[in-house]
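Engineer:
2 protein chains.
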Amino acid sequence: MIADTRTNAGVDNISSYKKLHVTEIAGDRVISIATAGNLSVTQTALAMVAEGIKMPGHDDIETLANVPSMFRAAQLVGHAMQQVRKEIAPSLEADSLKVSASMLLGGQIKGGKMSLYLIYAQGNFIECSSDTPYLQIGELKYGKPILDRALRPDTPMGEAVKLGLISFDSTIRSNIAVGPPFDMIVIARDSLHGEQRRIEADDPYFKDLGRRWSEALANAHRAMPPPPWLEPEADARPNIAVAS
Amino acid sequence: MIADTRTNAGVDNISSYKKLHVTEIAGDRVISIATAGNLSVTQTALAMVAEGIKMPGHDDIETLANVPSMFRAAQLVGHAMQQVRKEIAPSLEADSLKVSASMLLGGQIKGGKMSLYLIYAQGNFIECSSDTPYLQIGELKYGKPILDRALRPDTPMGEAVKLGLISFDSTIRSNIAVGPPFDMIVIARDSLHGEQRRIEADDPYFKDLGRRWSEALANAHRAMPPPPWLEPEADARPNIAVAS
Chain A
0 MIADTRTNAG
10 VDNISSYKKL
20 HVTEIAGDRV
30 ISIATAGNLS
40 VTQTALAMVA
50 EGIKMPGHDD
60 IETLANVPSM
70 FRAAQLVGHA
80 MQQVRKEIAP
90 SLEADSLKVS
100 ASMLLGGQIK
110 GGKMSLYLIY
120 AQGNFIECSS
130 DTPYLQIGEL
140 KYGKPILDRA
150 LRPDTPMGEA
160 VKLGLISFDS
170 TIRSNIAVGP
180 PFDMIVIARD
190 SLHGEQRRIE
200 ADDPYFKDLG
210 RRWSEALANA
220 HRAMPPPPWL
230 EPEADARPNI
240 AVAS
Chain B
0 MIADTRTNAG
10 VDNISSYKKL
20 HVTEIAGDRV
30 ISIATAGNLS
40 VTQTALAMVA
50 EGIKMPGHDD
60 IETLANVPSM
70 FRAAQLVGHA
80 MQQVRKEIAP
90 SLEADSLKVS
100 ASMLLGGQIK
110 GGKMSLYLIY
120 AQGNFIECSS
130 DTPYLQIGEL
140 KYGKPILDRA
150 LRPDTPMGEA
160 VKLGLISFDS
170 TIRSNIAVGP
180 PFDMIVIARD
190 SLHGEQRRIE
200 ADDPYFKDLG
210 RRWSEALANA
220 HRAMPPPPWL
230 EPEADARPNI
240 AVAS
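The listed protein sequences correspond, in order, to chains A and B.
Under numbering that gives the first Met the number 0, the first residue of the first sequence is numbered 0, with each subsequent residue one higher.
Under numbering that gives the first Met the number 0, the first residue of the second sequence is numbered 0, with each subsequent residue one higher.
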């Protein structure tokens, strides 16, 4: 799971906030949450979950540290998102402010399987499946093509991390509202532990990856044959227009 | 200029319409228009332009066949878009229907320079410059990263056509609302003539390009070093989560 840290209230008000939140109890569970959208909605929802939630029809107060399953964790966070949104949506919408927010929740609890969920602001959620072996939230379109083309259910972990970082590199080149540092957690199945890492803007590996990727793409399209129906005109300098 | 032909009123109502419209008078002018967004808005606006428009403060009826400059052509089309939108927006918006629409207008008129404009539904427009040597309308994000990384003001025409088609290939893989056949026009400077071509779904060059591109990307990311901080785990099968 990779999250950037940039948040903005307009291009003249850009700040850095951690959007990756990890609950880990050694040998018992590791649950990681990434957030996108309205920061006040996601922060408040996570604070509610941290304080503990009494779900309708249940007597116990539940948190991510004691939920019995990943599915239950998703329900808990979804419930919190729904409550927060219900409370603040009317006043935000009255000022034409966005209340959109979403979260990714992934990890494993002892005795259960590795799971990854996408939780919507309305509190409902979907689970990642092997047909499309990734989930994205937030500014997702720029970074999606590389994942669609290259990520497979059997892609090894190292490759998947590379692809995730390349996907982010594509996004930050096209949208200044997304930017480093990135927070990353890698969770190996049944380890019940996450390797966390912060990747700064000047991280040598990330910088090298972006440079190599641009070079590789340039070499790739140069190596392809030109359209056979087009007369070669070495010195033509086009503008190009794309309508879809 | 490349345009797809797919239009939809929901995923259960998908049809094919030409969205690339060319006005060519041999030796005098070639003007190409691509449209995106609400088809009733763009079709009506183009029909108004074809019938001729008397702009405020002018006595003559103008069409794309007699405007004196590309700038004037953009004004004419912008004026028509503005009028159509003014007339139909209230009734469409009353039914929560989108009135968003935009057009690309490019080409050359004898004595003038090659120009490319993006015209908004409100009638205002911007001109393409060498800082960002392309313009996009419609579903633009999926196909933007490859253009951002690879297209330069001095990219030769054949390369630019390849990049435009690769950009479209990325978009159609991620959004079923965009699809072939594609219409394409290539206009060489001072030729005052456009080479038009329709690219069908089974076009051998286009299919080969998509296949080669996916292979080249796969080879490129496999050739890159794995993250140095990650322990190699050949058999790990990750889900990946991306939040931006």
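Positions of the beta carbon are idealized from the N, C-alpha and C atoms, including for glycine.
Leaving aside the five residues before and after V48(A) along the sequence, list all residues of the same chain whose C-beta is less than 7 Å from its C-beta, in chain order.
Structural biologist: T62, L63, L75, V76, A79
Engineer: If you draw a straight line from the C-alpha of D207(A) to the C-alpha of L104(B), how long is it?
Structural biologist: 39 Å
Engineer: Looking at C-beta atoms only, is the number of pairs between the stretch 189-206 of chain A and the stretch 6-20 of chain B that lie closer than 8 Å three or more?
Structural biologist: no
Engineer: Run through the DSSP bridge pairs and tell me what N7(A) is partnered with.
Structural biologist: I13(A)
Engineer: So with Cβ pairs under 8 Å, would you call N238(A) a contact of chain B?
Structural biologist: yes
Engineer: In chain B, what lies closer than 9 Å to T34(A) by C-beta?
Structural biologist: A242
Engineer: Along the alpha helix (DSSP H) that carries A88(B), what are the first and last residues, could you check?
Structural biologist: 69-93
Engineer: Anyone know if the C-beta pair for C127(B) and Y119(B) falls short of 8 Å?
Structural biologist: no
Engineer: Using a C-beta cutoff of 8 Å, does P179(B) count as contacting chain A?
Structural biologist: no
Engineer: Does the beta-carbon of R148(A) have 16 or more other beta-carbons within 10 angstroms, so that it is buried, or is it exposed?
Structural biologist: buried
Engineer: Is A44(B) close to chain A, meaning its C-beta is less than 8 Å from at least one C-beta of that chain?
Structural biologist: So, not an interface residue.
Engineer: If I measure Cβ to Cβ from I165(B) and keep anything under 7 Å in the same chain, skipping five residues before and after, which residues do I get?
Structural biologist: Within the same chain, Cβ atoms closer than 7 Å to the Cβ of I165(B) are found at I145, L208, W212, the five residues on either side in sequence being excluded.
Engineer: What separation, rounded to the nearest whole angstrom, lies between the Cα atoms of D58(B) and T34(A)?
Structural biologist: 58 Å
Engineer: In three-state DSSP terms, what is Y204(B)?
Structural biologist: It is helical.
Engineer: Assuming M69(A) contacts I32(A) (C-beta within less than 8 Å), just tell me the rounded distance between them.
Structural biologist: That belief does not hold up - the Cβ atoms of M69(A) and I32(A) are roughly 11 Å apart, past 8 Å.
Engineer: Less than 8 Å between CB atoms is the rule here; does K18(B) satisfy it with respect to chain A?
Structural biologist: yes
Engineer: In whole angstroms, what separates the C-alpha of H220(A) from that of I1(B)?
Structural biologist: 18 Å
Engineer: Could you pull the start and end residues of the alpha helix (DSSP H) that D58(B) belongs to?
Structural biologist: Membership of D58(B) in any alpha helix (DSSP H) is not indicated, and neither H nor E is assigned to it by DSSP.
Engineer: Measure the alpha-carbon distance for A245(A) versus S169(A) and round it to whole angstroms.
Structural biologist: Lying before the first or after the last residue shown, residue 245(A) is absent from chain A, which here runs from 0 to 243.
Engineer: Could you pull the DSSP bridge partners for M183(B) from this structure?
Structural biologist: Paired residue(s): I1(B), R196(B).
Engineer: Verify the CB distance criterion: does H220(A) have a CB-CB separation below 8 Å to chain B?
Structural biologist: yes
Engineer: E126(A) lies in the beta strand (DSSP E); which residues open and close that run?
Structural biologist: 124-126
Engineer: Using a Cβ-Cβ cutoff of 8 Å, what residues of the stretch 135-151 of chain B are near chain A? List them in chain order.
Structural biologist: Q135, I136, G137, E138, L139, K140, Y141, G142, K143, P144, I145, L146, D147, R148, A149, L150
Engineer: Do the CB positions of K143(B) and Y16(A) come within less than 8 Å of each other?
Structural biologist: No, the Cβ-Cβ distance between K143(B) and Y16(A) is not below 8 Å.
Engineer: Looking at the strands, I want to know which residues DSSP matches up with T22(A).
Structural biologist: Secondary-structure assignment with DSSP links T22(A) through a beta bridge to I30(A).
Engineer: Can you pull the chain A residues whose beta carbon is under 7 Å from the beta carbon of V185(B), in chain order?
Structural biologist: L229
Engineer: Starting from the Cα of Q121(A), find the closest Cα among S173(A), I198(A), E86(A) and give me that residue.
Structural biologist: E86(A)
Engineer: Compare the Cα-Cα distances from L229(A) to each of I198(B), A222(B), S129(B), R210(B) and report the closest residue.
Structural biologist: I198(B)
Engineer: Rounded C-beta distance between G157(B) and P226(A)? I'm assuming under 8 Å.
Structural biologist: 7 Å
Engineer: Using 8 Å as the limit for Cβ to Cβ distance, is V160(B) near chain A?
Structural biologist: yes
Engineer: Buried or exposed for S101(B), please, with buried defined as at least 16 other CB atoms from any protein chain shown within 10 angstroms of its CB.
Structural biologist: buried
Engineer: Using a Cβ-Cβ cutoff of less than 6 Å, which residues in the same chain neighbour D27(B) once the five nearest sequence positions on both sides are dropped?
Structural biologist: K109
Engineer: Classify P179(A) as buried or exposed, calling it buried when 16 or more other Cβ atoms lie within 10 Å of its own Cβ.
Structural biologist: buried
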